[in-house]
Each structure stands twice: as C-alpha cells, then as structure tokens.
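K.L.:
Here it is, the structure, as structure tokens.
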Amino acid sequence: MKQIDRLLGIMTQLRDPENGCPWDKEQTFSTIAPYTLEETYEVLDAIERQDFDDLRGELGDLLFQVVFYARMAQEEGRFDFDDICAAISDKLERRHPHIFGEAQAHTSSEVLARWEQIKSDERAEKAQHSALDDIPESLPALMRAHKIQKRCAAVGFDWTSIGPVLDKVHEEIDEVMHEAQQAVIDEAKLEEEIGDLLFATVNLSRHLGSKAETALQKANRKFERRFRQVESIIAAQGLVMSDATLEQMEDAWQQVKQQEHDI
Numbered sequence: 047m048k049q050i051d052r053l054l055g056i057m058t059q060l061r062d063p064e065n066g067c068p069w070d071k072e073q074t075f076s077t078i079a080p081y082t083l084e085e086t087y088e089v090l091d092a093i094e095r096q097d098f099d100d101l102r103g104e105l106g107d108l109l110f111q112v113v114f115y116a117r118m119a120q121e122e123g124r125f126d127f128d129d130i131c132a133a134i135s136d137k138l139e140r141r142h143p144h145i146f147g148e149a150q151a152h153t154s155s156e157v158l159a160r161w162e163q164i165k166s167d168e169r170a171e172k173a174q175h176s177a178l179d180d181i182p183e184s185l186p187a188l189m190r191a192h193k194i195q196k197r198c199a200a201v202g203f204d205w206t207s208i209g210p211v212l213d214k215v216h217e218e219i220d221e222v223m224h225e226a227q228q229a230v231i232d233e234a235k236l237e238e239e240i241g242d243l244l245f246a247t248v249n250l251s252r253h254l255g256s257k258a259e260t261a262l263q264k265a266n267r268k269f270e271r272r273f274r275q276v277e278s279i280i281a282a283q284g285l286v287m288s289d290a291t292l293e294q295m296e297d298a299w300q301q302v303k304q305q306e307h308d309i
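Numbers 47 to 309, taken from my numbering, label the letters of the sequence shown in order.
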C-alpha cells in the first residue's frame, strides 16, 4: 500500500460517522483553518532551524491538513484528494509552457514574467480585472503589502528609482510624529499614519530586494536572542529585570552587542 493511500484511509476512518473520532468528526473547514496556519509556521520554523528530522514530521502535519480538507469536501460532494492533485498538476503544466509546451524561457526573469502574464490571463478569465484581485485578505499584513505593491509594479504603477521611495518613508515618519505631538491625539488618525509608514517601509524593503516579512522575522529573532542574554547578565548581577535600572539593562545590551561584534 502506498503511504498516501494509508493516510487517506486513516482520514476516512477518523471521519467515519459511526466509529470515527469524536473530535475529528466535529471539525469543519472553519475550525481546521487556524491549525493549518499553525502547521505552516511550524514548517517554516523547522526550515529556519535546518532541523530536517523535525521538518519531515511538520510537512506530514501540513499534508494532513490538506487530506482533512479533501475528506470534508468529499463528504459534501464538492471534490476529493484526486481532484486537488489534478488541479495543481493542471496549473503547473499551464504555468510552465516552456517545459510542457512550445514556449521559450531561458532565465528565471523570463520565467517569472511569463508566470505573471499567465496569472493575469487567468484572472481575466475569472472576471477578476483588477491587478489586485485574488490577493488573500488573510495573509500577514507585511506579506500582503509586499504582494499588493508587487502587483502594482507589474502594471507599471511604481517608482523606478530608490530616491522617491525613501522620501516617502521620511514623509510618513513626519506625518506620524505630527499626529503623535498633537495636544489631543486622534487615535484613529495616528493609527492610519502608522499604517502608512509601515506600508512605505515595506515598499522600501521591496525596492532594495528584501521581503519585509522575512526581514522582520529575523529582526525578531535577533532581538529575542539579545534580550535573553541581557536577562542572563542581569541575573548574574544578582538582580531580576524588574529591579534593574534602565541604565543597567542598557549597559548589558551594549555588552551583548559588543560580544556579537567580537565573534
């Protein structure tokens, strides 16, 4: 028996109306969705840690999510696992005409340009005429901003040099500070300006060839690593963080940075 058939059989048994698992039988597309997001991030975490033993298991967990959705859809007469496989196979063949057809593409840039054109044609066939159609609302905000800007750039709505992009970031910083320094702060307006600043920063990151979501994830990890070391230094001084002064914590922070610089 192929392992995928074994997995599909397990899923069928778990959802069996009479003898299945009570928890699995109660689940719906909506209740499973948060687990799918969680499993996706666990896959990404394993990749970041280069833990391939863990990655194998996490990919299995993610595949199980697909199998779960397929089973629920099959029960409702919508589609099954084979239909999912057929859909992605058809899409891959359609979007790689330079491999499965007569088209030519010799560089990654040519492949990506053709890919975007094919996706644009597909949106038109679905009566999705905006370049921004089909961008998922549920994407992380930084990732969605990057995708929106990339779509706009594909149709020419983009700055062609870095100067105006950087000017926009400075402009948005000024607007944030203007709102923050009002005698009576309009919280909604301040939030709007902070959002504009973040959007402009994503645009700067994109123009510099970096994805803001990835950059911020790395910044988070760096800050966490350094903060944990600060906690250790403060503890070695016989203190807890809540009793240490800001100056003591700042000294520890600079010590950590210096140690990293010396490595």
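Each residue gets a CB set at the ideal place from its N, CA and C atoms; glycine is no exception.
Compare the C-alpha of Leu236 against each of Lys264, Ser176, Met223 and Pro186 and name the closest.
P.N.:
Against the sequence shown, residue 236 aligns to sequence position 190. It is Met223 whose Cα lies nearest to the Cα of Leu236.
K.L.:
Is the CB-CB distance between Glu238 and Ile231 below 8 Å?
P.N.:
Stepping through the sequence shown from its first residue, residue 238 is reached at position 192. Stepping through the sequence shown from its first residue, residue 231 is reached at position 185. It is not a contact, given that the beta carbons lie outside the stated cut-off.
K.L.:
Measure the Cβ-Cβ separation of Ile78 and Phe114 and say whether it is below 8 Å.
P.N.:
Looking up residue 78 in the sequence shown gives position 32. Looking up residue 114 in the sequence shown gives position 68. For Ile78 and Phe114, yes; Cβs fall inside 8 Å.
K.L.:
Going by CA-CA distance only, name the one from Glu88, Gln227, Thr82 and Asp297 that's closest to Gly103.
P.N.:
As a first step, residue 103 is located in the sequence shown; it is residue number 57 there, counting from the start. Ranking Glu88, Gln227, Thr82 and Asp297 by Cα distance to Gly103 puts Glu88 first.
K.L.:
Is any beta-carbon of chain D found at less than 8 Å from that of Leu254?
P.N.:
Looking for chain D here will not work: only one protein chain is present.
K.L.:
On the criterion of 16 or more Cβ atoms from any shown chain inside 10 Å, does Gln195 qualify as buried, or is it exposed?
P.N.:
On the sequence shown, position 149 is the one that residue 195 refers to. Looking at its Cβ environment, which holds 16 or more other Cβ atoms inside 10 Å, Gln195 is buried.
K.L.:
Alpha carbon to alpha carbon, how far is Ala229 from Ser176?
P.N.:
On the sequence shown, position 183 is the one that residue 229 refers to. On the sequence shown, position 130 is the one that residue 176 refers to. Their backbone Cα atoms lie some 41 Å apart in a straight line.
K.L.:
Return the CA-CA distance between Met189 and Gln59, expressed in angstroms with no decimal places.
P.N.:
Taking the sequence shown and counting its residues from 1, one reaches residue 189 at position 143. Taking the sequence shown and counting its residues from 1, one reaches residue 59 at position 13. The straight-line gap from Cα to Cα measures roughly 38 Å.
K.L.:
Buried or exposed, going by whether 16 or more other CB atoms sit within 10 Å of the CB of Thr74?
P.N.:
The sequence position of residue 74 within the sequence shown is 28, counting from 1. By the Cβ-count criterion, Thr74 is exposed, with fewer than 16 other Cβ atoms from all chains shown falling within 10 Å of its own Cβ.
K.L.:
Taking C-beta to C-beta, are Met287 and Glu296 nearer than 8 Å?
P.N.:
The sequence position of residue 287 within the sequence shown is 241, counting from 1. The sequence position of residue 296 within the sequence shown is 250, counting from 1. It is not a contact, given that the beta carbons lie outside the stated cut-off.
K.L.:
What residue range is occupied by the uninterrupted alpha helix (DSSP H) comprising Asp126?
P.N.:
Residue mapping note: residue 126 aligns to position 80 of the sequence shown, counting from 1. No residue range can be given for Asp126, since it is assigned to no alpha helix (DSSP H) and is classified by DSSP as neither H nor E.
K.L.:
List, from N- to C-terminal side, the alpha helix (DSSP H) runs of 4 residues or more that fit wholly inside the region 58-109.
P.N.:
Fully enclosed alpha helix (DSSP H) runs of 4 or longer: 68-72 and 75-95.
K.L.:
Does the contact criterion of 3 or more C-beta pairs under 8 Å hold for the region 153-165 versus the region 201-220?
P.N.:
Remark: fewer than three beta-carbon pairs, one from each stretch, lie closer than 8 Å, so the region 153-165 and the region 201-220 are not flagged as touching.
K.L.:
Along the chain, where does the alpha helix (DSSP H) containing Ile181 start, and where does it finish?
P.N.:
For the purposes of this step, residue 181 is taken as residue 135 along the sequence shown, with counting starting at 1. Here Ile181 belongs to no alpha helix (DSSP H), and DSSP marks it neither H nor E.
K.L.:
Determine the extent of the alpha helix (DSSP H) in which Gly241 is found, giving its start and end residues.
P.N.:
Against the sequence shown, residue 241 aligns to sequence position 195. It spans Glu233 to His253 - the alpha helix (DSSP H) in which Gly241 sits, taken as one unbroken run.
K.L.:
Considering just the uninterrupted stretch of the alpha helix (DSSP H) at Met295, what are its terminal residues?
P.N.:
The residue you call residue 295 lines up with position 249 of the sequence shown. From DSSP, the alpha helix (DSSP H) with Met295 extends over Leu292 to Asp308.
K.L.:
Express the C-alpha separation of Pro68 and Ile240 in angstroms, rounding to a whole number.
P.N.:
As a first step, residue 240 must be located in the sequence shown, where it is residue number 194. As a first step, residue 68 must be located in the sequence shown, where it is residue number 22. Approximately 46 Å between the Cα atoms of the pair.
K.L.:
Between the region 202-211 and the region 269-285, can you find at least three pairs of beta-carbon atoms closer than 8 Å?
P.N.:
With a cut-off of 8 Å, the region 202-211 and the region 269-285 do not count as touching, because too few Cβ pairs lie within range.
K.L.:
Can you give me the Cβ contacts of Gln120 inside the same chain, cut-off strictly under 8 Å, excluding the 5 residues immediately before and after it?
P.N.:
If you number the sequence shown from 1, residue 120 lands on position 74. Cβ within range, chain order: Asp126 and Phe127.
K.L.:
Using 8 Å for Cβ pairs, my map puts Thr8 next to Leu105. What's the rounded Cβ distance?
P.N.:
Any question about residue 8 goes unanswered here, given that the chain covers just 47 to 309.
K.L.:
Do the region 260-279 and the region 298-309 touch if we need at least three Cβ pairs shorter than 8 Å?
P.N.:
Touching, yes, given that three or more Cβ pairs across the two stretches are closer than 8 Å.
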